[in-house]
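Below: one structure, written as structure tokens.
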Amino acid sequence: MAFSRFNKKASSTVSSSQPLALVIANLTLRFLQFIFAVAVLGLYGTELSDARKNHTGDYSKWSYAEVVGVLSAVTCLVYVLPKVKSWWAFGWDLVLFILWVAVFGVFGKIYIHAKPVNGGVKRMKNAVWVDLVNMLLWLVTAVVSVVIFFTMRGERSLHTGRAAV
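Just so we're aligned: the sequence shown equals residues 1 to 165 in the UniProt record's numbering.
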């Protein structure tokens with residue numbers, strides 16, 4: 001049959017080579033990463049908005065946190081697409097982990113020992129712990145992705161299914 005190659009089942013997030021528990025764990029981790037990234041965007045965005053209204057200081061640190069939050073949220077959205085096998089991009093997970101380490105370090109140094117005298121300081125103290133959760137989530141997905149990458153390499157190629165990768 002000449003068209004038999006077109007009758008093959010399309011590769012998706014849930015494939016026969018992936019255990020269902022792995023797929024559910026991956027989607028759960030990506031969902032949590034997305035939620036915490038959006039939380040960071042809200043927390044730091046509020047501070048940036050207040051600073052803009054009050055015309056106060058240099059807020060490059062807050063802008064950096066916003067950029068890392070956007071990169072994380074977009075990455076999560078891309079990784080949950082059906083045809084994307086996110087463990088192939090474990091290097092990007094490691095990069096995001098390092099970016100979150102920097103965010104946590106910068107804001108942890110500023111706010112962990114600060115006395116909450118107003119709502120802004122209290123909000124930023126909470127944001128530091130959200131940064132920590134983000135950092136740990138990206139570390140977990142990076143480690144899991146590395147393990148999956150090296151244990152599930154015996155699959156077939158994506159387009160033709162003939163070659164072992």
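Each residue gets a CB set at the ideal place from its N, CA and C atoms; glycine is no exception.
Backbone CA spacing between residue i and residue j [nearest angstrom]
i      : j      : result
Val147 : Leu99  : 21 Å
Gly119 : Ser72  : 26 Å
Met124 : Gly57  : 16 Å
Val103 : Val130 : 10 Å
Leu29  : Val78  : 13 Å
Gly45  : Trp62  : 8 Å
Lys83  : His159 : 11 Å
Leu22  : Asn54  : 48 Å
Leu139 : Ser60  : 25 Å
Ala25  : Val67  : 26 Å
Asp50  : Leu43  : 11 Å
Leu27  : Cys76  : 9 Å
Leu48  : Leu137 : 25 Å
Ile112 : Phe90  : 30 Å
Gly105 : Arg52  : 24 Å
Ser145 : Val101 : 19 Å
Val74  : Ala114 : 32 Å
Trp92  : Ala39  : 21 Å
Counted within 10 angstroms of its Cβ, other Cβ atoms place residue i as buried (16 or more) or exposed
i     : result
Lys85 : buried
Leu20 : exposed
Ala65 : buried
Trp88 : exposed
Whether residue i touches residue j by CB criterion (8 Å)
i      : j      : result
Phe97  : Met152 : no
Lys109 : Pro116 : no
Leu41  : Val70  : yes
Phe107 : Val128 : yes
Ala142 : Leu94  : yes
Phe34  : Val133 : no
Contact with chain D by residue i, beta-carbon distance below 8 Å
i     : result
Gly42 : Here there is only one protein chain, and chain D is not present.
Item to check | 3 or more residues per run - each beta strand (DSSP E) lying fully within the region 102-142 | outcome: none
Practice item. Kindly provide the ranges of any alpha helix (DSSP H) runs that are 4 or more residues long and lie completely inside the region 47-90, ordered along the chain. Key: 60-79
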